[in-house]
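Chains A and S, in that order, are what the protein sequence lines are.
Everything in the first sequence is counted per the working numbering, starting at 369 for the first residue and increasing by one.
Everything in the second sequence is counted per the working numbering, starting at 369 for the first residue and increasing by one.
Heads up, the beta-carbon is just placed ideally off N, CA and C, and yes, glycines get one too.
The structure appears below as structure tokens.
Protein chains: 2
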Amino acid sequence: MVVFAGQGDARRSMELLWGPRVVAPRTGPGPKPGLSVEAIVAAAIDIADAEGMASLSMRSVGERLGRTAMALYTYVPGKTELVDLMYDRTLGELPSSYSVTSGWRAAAFSLADALWDLHLRHPWLLQVSPARPVLGPGEFHVQETLLSVLASTGLPLSRVRWVVSALFNIVRGSVQAAAESRQAARETGLSEEDWWYARSALLGELVPDLTARFPTVARLGPSVELSDEPYLEREARLSFEAGLELLLDGVETAIVKASGPR
Amino acid sequence: MVVFAGQGDARRSMELLWGPRVVAPRTGPGPKPGLSVEAIVAAAIDIADAEGMASLSMRSVGERLGRTAMALYTYVPGKTELVDLMYDRTLGELPSSYSVTSGWRAAAFSLADALWDLHLRHPWLLQVSPARPVLGPGEFHVQETLLSVLASTGLPLSRVRWVVSALFNIVRGSVQAAAESRQAARETGLSEEDWWYARSALLGELVPDLTARFPTVARLGPSVELSDEPYLEREARLSFEAGLELLLDGVETAIVKASGPR
DNA sequence: GTACATTACTTTATGGTGTAAGGAGTCGGC
DNA sequence: GCCGACTCCTTACACCATAAAGTAATGTAC
Chain A
369 MVVFAGQGDA RRSMELLWGP RVVAPRTGPG PKPGLSVEAI VAAAIDIADA EGMASLSMRS
429 VGERLGRTAM ALYTYVPGKT ELVDLMYDRT LGELPSSYSV TSGWRAAAFS LADALWDLHL
489 RHPWLLQVSP ARPVLGPGEF HVQETLLSVL ASTGLPLSRV RWVVSALFNI VRGSVQAAAE
549 SRQAARETGL SEEDWWYARS ALLGELVPDL TARFPTVARL GPSVELSDEP YLEREARLSF
609 EAGLELLLDG VETAIVKASG PR
Chain S
369 MVVFAGQGDA RRSMELLWGP RVVAPRTGPG PKPGLSVEAI VAAAIDIADA EGMASLSMRS
429 VGERLGRTAM ALYTYVPGKT ELVDLMYDRT LGELPSSYSV TSGWRAAAFS LADALWDLHL
489 RHPWLLQVSP ARPVLGPGEF HVQETLLSVL ASTGLPLSRV RWVVSALFNI VRGSVQAAAE
549 SRQAARETGL SEEDWWYARS ALLGELVPDL TARFPTVARL GPSVELSDEP YLEREARLSF
609 EAGLELLLDG VETAIVKASG PR
């Protein structure tokens with residue numbers, strides 16, 4: 369059963385998100401804190417980066433810091449809040465300055481690329497799926513960056529909002545495929561090519577009428593030649609670039625329509 | 369630690385995905401099976417639909433069928449495979465016929481709409497995130513439907529593929545926001561408006577310089593008036609429609625470019 | 001009719017999870 | 001010196017997936 373956060377918990381997590389990262393050393397009785405929220409979050413991010421979200425537990429984070437799981441609860445209300453913090457802090461890493469001098473399109477592309485990079489460096493971001501927007505500084509930072517870059521199209525902000533969310537979705541969706549392919553390759557030890565090959569053989573054997581049942585899919589075939597380069601990962605990148613171009617073409621159309629019939 | 373599937377397991381799950389749904393009654397010694405893979409999958413889907421993925425456990429599925437958790441392992445290798453089956457069976461529900469008589473654009477829109485509906489009826493689909501493509505009949509069915517509808521644009525299939533994945537990503541991304549808003553509202557008991565209001569107040573109090581730090585976001589404000597209609601859900605739908613239009617505009621550009629300079 | 005193999009399902013057990021409760025030790029202020 | 005506040009630990013509980021072994025039901029072979 370899911371426990372839901374009351375009002376007090378909401379305040380607590382917002383304070384953690386927005387509060388000062390470097391806490392002034394406490395004065396008063398009691399032992400000095402040996403940990404800090406930031407240290408805990410950093411350790412958790414390290415684990416998620418290196419071993420995936422499945423290996424992230426309060427125990428594993430505690431262990432990495434030389435403590436038990438329960439020690440963390442002095443600093444962080446629970447795992448949910450810890451993950452929210454990880455998520456928001458990581459989003460905050462997104463670079464924020466994009467030159468618009470070579471046009472909005474180039475700026476939008478390099479921003480999308482930075483977002484792609486960020487997600488590929490921290491693939492667990494895609495598994496977080498905050499039950500509601502986290503509303504932390506990192507999330508705001510990303511929104512602000514996206515909005516301000518896309519605002520240079522000259523479109524009204526009320527429309528830019530939708531461009532932003534579409535772009536964000538395209539990036540997230542395509543990078544997810546890339547990230548999952550990497551993770552699966554690491555977990556199974558199988559190279560992607562091997563996995564794909566084994567799976568195709570199995571499919572052909574178990575479903576002999578595959579091409580008859582799904583003619584269009586069959587007609588498509590693999591988009592890139594099999595090489596030593598990871599297949600699915602390459603495909604995901606192509607999907608990212610192509611999808612982005614399509615979207616930006618749509619934006620261009622919108623610009624022309626808005627300013628065209630002058 | 370994640371256990372990875374060997375070759376034998378792969379065959380077993382492919383057989384479950386592609387095998388006949390109605391199994392002929394076994395002849396031979398031993399008690400008659402009281403359950404079936406399909407019954408188990410259906411029960412699991414019911415639970416996920418009604419109570420969310422968090423409530424889905426081998427126990428809960430077994431209980432719903434009047435069995436213990438372990439009874440399921442006679443039919444299904446493990447939870448992973450069960451979830452794969454749920455995912456693929458549900459994707460198979462997508463309607464497949466879309467009239468192209470009123471143009472590819474209308475067909476694409478109604479297909480995207482059906483996809484949106486499907487995900488909103490089964491929001492847990494978005495949390496499944498198969499570590500690799502499931503390669504089941506449902507997944508193929510969706511791909512086939514998307515590809516064949518978008519192929520009516522006349523674009524080469526190699527480009528249609530990217531349109532398909534971009535469209536899919538836009539739908540998934542926007543519907544995720546809608547689904548999560550519903551779920552959160554149900555779990556917390558708070559109406560969305562209430563939650564949003566409480567959160568804004570908290571933000572304003574804890575981060576007084578919010579509008580200075582994120583001017584563009586601040587300038588945006590809420591996109592729709594607060595009403596009794598769920599705010600985030602309405603917003604998600606708008607994002608879906610607007611994103612889709614942008615993408616389809618991009619497709620139109622591609623069509624013109626391809627056939628234009630005749 | 002009886003023995004046996006086969007199978008559905010249960011019980012029990014193992015090692016994982018998040019976290020509530022309470023105890024141990026450490027420090028500052030009086 | 002001592003109190004109170006504070007960090008951190010141990011213990012405990014409820015839940016999870018699932019391995020292993022046991023039980024009961026069923027068909028076939030003799």
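Cutoff 7 Å; reference Leu440 (chain S); Cβ partners in own chain excluding five residues on either side | Ile408, Met426, Val429, Gly430
Answer yes or no: does any C-beta atom of chain A fall closer than 8 Å to that of Leu615 (chain S)?
-> yes
How is Asp577 (chain S) classed by DSSP in three states: helix, strand or coil?
-> coil
Outcome for Val619 (chain S) when other beta-carbon atoms lying within 10 angstroms are tallied against a minimum of 16 | buried
If we count Cβ pairs, one from each stretch, closer than 8 Å, do we get three or more for the stretch 472 to 480 of chain A versus the stretch 611 to 626 of chain A?
-> yes
Closest Cβ-Cβ distance between Leu424 (chain A) and chain S: below 8 Å?
-> no
At least one CB of chain A closer than 8 Å to the CB of Ala412 (chain S): is that the case?
-> no
For the 8 Å Cβ check, are there 3 or more pairs between the stretch 478 to 486 of chain A and the stretch 532 to 543 of chain A?
-> yes
Can you name the start and end residues of the alpha helix (DSSP H) that Arg489 (chain S) belongs to?
-> 472 to 489
Look up Ala412 (chain S) in the DSSP assignment and say whether it is helix, strand or coil.
-> helix
Just the Cα atoms here: how many angstroms apart are Leu453 (chain S) and Gly572 (chain A)?
-> 19 Å
What is the rounded straight-line gap between the Cα of Ala604 (chain A) and the Cα of Thr436 (chain S)?
-> 41 Å
Assuming Gly557 (chain A) contacts Gly506 (chain A) (C-beta within less than 8 Å), just tell me the rounded distance between them.
-> Between Gly506 (chain A) and Gly557 (chain A) the Cβ distance is about 34 Å, and since that is not below 8 Å, they are no contact.
For Arg457 (chain S), which of S:Lys625, S:Glu613, S:Ile413 has the nearest alpha-carbon?
-> S:Ile413
Using alpha carbons as the reference points, say which of S:Leu493, S:Val510, S:Arg527 lies closest to Ala545 (chain S).
-> S:Leu493
Whole-angstrom Cβ separation of Ala547 (chain A) and Pro491 (chain A), contact assumed at under 8 Å?
-> 4 Å
Does the beta carbon of Ser467 (chain A) come closer than 8 Å to any beta carbon on chain S?
-> no
When you compare each of A:Ser465, A:Val391, A:Phe608, A:Arg581 to Val532 (chain S) by their alpha carbons, which one comes out closest?
-> A:Phe608
Relative to the C-alpha of Thr462 (chain A), which residue among A:Pro445, A:Met438, A:His487 is closest?
-> According to the sequence as given, residue 462 (chain A) is Leu; it is not Thr. Cα-wise, what sits closest to Leu462 (chain A) is A:His487.
Check the Cβ-Cβ distances between Leu525 (chain S) and every residue of chain A, and say whether any is below 8 Å.
-> yes
Would you say the stretch 382 to 401 of chain S touches the stretch 562 to 576 of chain A, given that touching needs at least three Cβ pairs under 8 Å?
-> yes
List the endpoints of the continuous alpha helix (DSSP H) containing Thr448 (chain A).
-> 447 to 459
Would you mind stating whether Arg540 (chain A) and Gly541 (chain S) have Cβ atoms separated by less than 8 Å?
-> yes
Measuring CA to CA, which of A:Gly611, A:Gly522, A:Leu403, A:Arg587 is closest to Met438 (chain A)?
-> A:Leu403
Can you tell me which of A:Arg380, A:Gly611, A:Gln511 puts its alpha carbon nearest to the alpha carbon of Pro445 (chain A)?
-> A:Arg380
Within 7 Å of chain S by C-beta, residues of the stretch 501 to 520 of chain A in sequence order | Leu503, Phe508, Gln511, Glu512, Leu515, Ser516, Ala519
Selected residue, minimal CA-CA separation from Val451 (chain S), among S:Gln495, S:Gly434, S:Ala580, S:Arg489 = S:Gln495
How would you write the range of the alpha helix (DSSP H) that Val517 (chain S) sits in, first residue to last?
-> 505 to 519
In three-state DSSP terms, what is Lys400 (chain A)?
-> coil
List the residues of chain A that Arg587 (chain S) touches, going by C-beta distances under 7 Å, in chain order.
-> Leu525
Proximity test, Cβ basis, 8 Å: Trp530 (chain A) and chain S | yes
Mind checking if Trp472 (chain S) is an interface residue toward chain A, Cβ cutoff 8 Å exclusive?
-> no
Residue range of the alpha helix (DSSP H) that Gly618 (chain A) falls in?
-> 599 to 627
For Gly420 (chain A), collect the residues of the same chain with a Cβ closer than 7 Å to its Cβ; drop the 5 residues on either side in sequence, then sort them by chain order.
-> Trp492, Gln551
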